[in-house]
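Asker:
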């Protein structure tokens, strides 16, 4: 229960509903316990003596008691639903807020599909467990205890039947619960896998169709789905197999009570109404115990989900602000990497001893083959990850001494993968800065060469985008991502291969439009195309996570065989080695 106890703070705001619900359930339980005794009165004192008036009075009293119990049960349900639903909503919000604070390393390790499962299925499991706990977990144990007491009061002799049955049923419940928990944990893990396959398939549906991989994806899903089904069947079989045995035990107990009770009636030591009342109390006790066992297995499943939810809530971001982190920092834009090395999850180093300086107003370009570490390098500047060794500074200040929020407010970034959100184009660009005016958004779009195609859309800047901007081309999405970075007016601008999907002519226009904007800010450009980096103040050539060459275009053409090979492979060997090609040569 330790895991469930850690979720108590999310129930605390609704403690009144959570308290009233069990109290109302106590009313229903008391009424349920009175009914067999009233039935005994009707049989022994009304029917046996043919007292019709007593039968009517007691029958009406039973109806009143039943009505009071129904009011208690309905009231319990209302307050239990309110408490559990609000609890679930707050818990889901808390997990969502926690996810927003996690570092890229945490998110890489947990995985998107697994987070979706924890936010939906796992939270729902815990929420349903609370709802049942406020109703059944109160009702069933009280009925077990109350029915046992009333059964003993009714007939101490027949109560020996319960002495035999109860330990057997309790032992069965304990064994089943111990086996159920690991099975339900595996069910949730298999559900993660199913969600992962679904997410990958839907997000990559164009690749699947383009390469005719539908059959392969169906096999992947079938395997994951069958594994989930097999494990779920095991868990459900384990929980359901107990029901027939418990029903058998209940029926055996009823037969035993009627057998031995009948003998006592014949001997005159017990009444027929007493047998009827005892059978009802026996049935209530054993049926309630069966419900407790079923509920405990649901709690076992919820415990598995609760562990996974708590796992997110207690996760510590790998990148954290220091207690004395500086705020109010307004950088001039001098960026320095000093002997920086970096790796993911203690794997092979991605960056090795990287050092360079970008002065305020300079444009530094990163060039290299896929996997050379370019994107990893620029991801260190806004502290998506922390360096393994060395340091990254802005204006001479180690970025680990700065507040992450302050640092990232000073950095504008257009990612290699242009991620857009459902909503209008206006809203997507404004994500760069909430208080951006319409004129600032238009200016950013014009600089990113996006204004023309936006205006050509039926609703212009109010055009609604589909999920991930599916109704735009790759180049259009990249230009909106650049506009989003520019509207931030950052001191440091990072363009991570952000023009790879646009044609060379459009890229040239974007560069021309950005040239004036870049004069006032430090710009770091990651590129695959040589034409993107020709005008940079400094070009870094990366290979195997190291800077193997550094300089201007002319300097590198003269000194770096790797750079010269890239240049000639893309632009041809006929271009002059010591000149930057003019715009019409891009």
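Numbering (the working numbering), first residue to last: 2 to 587. The beta carbon of each residue, even a glycine, is placed where N, CA and C say it ideally should be. The structure presented is a predicted model; accordingly, all values stated were derived computationally and were not measured.
For residue 377, which of helix, strand or coil comes out of DSSP?
Answerer: helix
Asker: Could you give the DSSP three-state label for residue 405: helix, strand or coil?
Answerer: Residue state, collapsed to three classes: helix.
Asker: Tell me, please, which residues DSSP counts as bridged to residue 140.
Answerer: Its beta-bridge partners do not exist; DSSP assigns none.
Asker: Nearest CA to the CA of residue 397: which residue from 330, 368, 419?
Answerer: 330
Asker: Following the continuous alpha helix (DSSP H) through residue 546, name the residue where it begins and the one where it ends.
Answerer: From DSSP, residue 546 is part of no alpha helix (DSSP H); its letter is neither H nor E.
Asker: How would you write the range of the alpha helix (DSSP H) that residue 52 sits in, first residue to last?
Answerer: No alpha helix (DSSP H) contains residue 52, which DSSP labels as neither H nor E.
Asker: Please state whether the Cβ-Cβ distance between residue 81 and residue 119 is less than 9 Å.
Answerer: no
Asker: Where does the unbroken beta strand (DSSP E) through residue 350 begin, and where does it stop?
Answerer: 350-359
Asker: If we count the other Cβ atoms within 10 Å of its Cβ and call it buried at 16 or more, is residue 304 buried or exposed?
Answerer: buried
Asker: Inspect the beta-carbon positions of residue 365 and residue 395 and report whether they are closer than 9 Å.
Answerer: no
Asker: I need the straight-line Cα distance from residue 320 to residue 375, nearest angstrom please.
Answerer: 20 Å
Asker: Applying the 10 Å Cβ sphere with the 16-neighbour rule, what's the burial state of residue 465?
Answerer: exposed
Asker: Going straight from the alpha carbon of residue 265 to that of residue 271, what length do you get?
Answerer: In a straight line, the C-alpha of residue 265 is about 5 Å away from that of residue 271.
Asker: Since residue 505 and residue 524 are thought to touch, with beta carbons under 8 Å apart, how far apart are those beta carbons, to the nearest angstrom?
Answerer: At roughly 19 Å, the Cβ-Cβ gap does not stay under 8 Å, so residue 505 and residue 524 are not in contact.
Asker: Evaluate contact between the stretch 86-94 and the stretch 2-12, counting only Cβ atoms and requiring at least three cross-stretch pairs below 8 Å.
Answerer: yes
Asker: Assuming contact is defined by CB atoms lying nearer than 9 Å, are residue 381 and residue 543 in contact in what I supplied?
Answerer: no
Asker: Please name the residue in 346, 160, 491, 63 whose C-alpha comes closest to that of residue 29.
Answerer: 63
Asker: Using DSSP's beta-bridge definition, name the partner residues of residue 539.
Answerer: 365
Asker: Can you tell me which residues form a DSSP beta bridge with residue 425?
Answerer: 465
Asker: Taking 9 Å as the cut-off, decide whether the C-beta atoms of residue 340 and residue 392 are in contact.
Answerer: Between residue 340 and residue 392, the C-beta spacing is below 9 Å.
Asker: Leaving out five residues on either side along the sequence, give the residues of the same chain with a beta carbon under 8 Å from the beta carbon of residue 56.
Answerer: These residues qualify, in order along the chain: 43, 47, 48.
Asker: Could you round the C-beta distance between residue 156 and residue 275 to whole angstroms and report it? I think they count as a contact, below 8 Å.
Answerer: 6 Å
Asker: According to DSSP, simplified to helix, strand and coil, what is residue 472?
Answerer: coil
Asker: Just mark residue 539 as buried or exposed, buried being the case when its beta carbon has 16 or more other beta carbons within 10 Å.
Answerer: buried
Asker: Give the straight-line distance between the Cα atoms of residue 257 and residue 166, rounded to the nearest whole angstrom.
Answerer: 11 Å
Asker: Given residue 496, which residues of its chain have a CB within under 6 Å of its CB, disregarding the five upstream and five downstream residues?
Answerer: 415, 526
Asker: When DSSP labels each residue in this structure, what does residue 319 get in the three-state scheme?
Answerer: Reduced to three states, the DSSP call for residue 319 is coil.
Asker: Do the stretch 183-190 and the stretch 92-105 make contact, defined as three or more Cβ pairs closer than 8 Å?
Answerer: no
Asker: Note the first and the last residue of the continuous alpha helix (DSSP H) segment covering residue 328.
Answerer: No alpha helix (DSSP H) holds residue 328; DSSP gives it neither H nor E.
Asker: Here's the rule: buried if 16 or more other CB atoms are within 10 angstroms of the residue's CB, otherwise exposed. What is residue 548?
Answerer: buried
Asker: Expressed to the nearest angstrom, what Euclidean distance is found between the alpha-carbon atoms of residue 85 and residue 298?
Answerer: 19 Å
Asker: Can you list, in chain order, the residues of its chain with a C-beta nearer than 6 Å to that of residue 489? Leave out the 5 residues immediately preceding and following it.
Answerer: Counting only residues of its own chain and dropping the five nearest sequence neighbours on each side, residue 489 has a CB closer than 6 Å to the CB of 413, 433, 434.
Asker: Can you tell which of 566, 225, 421, 408 has the C-alpha that lies nearest to the C-alpha of residue 327?
Answerer: 408
Asker: Taking the alpha carbon of residue 560 as the reference point, which residue from 546, 22, 541 has its own alpha carbon closest?
Answerer: Residue nearest to residue 560 within the set 546, 22, 541 is 541 (criterion: CA-CA distance).
Asker: At what residue ranges does the stretch 41-99 contain a whole run of the alpha helix (DSSP H), taking only runs of 4 or more?
Answerer: none
Asker: Mapping the DSSP letters down to three states, classify residue 231 as helix, strand or coil.
Answerer: Residue 231: helix per DSSP, three-state reduction.
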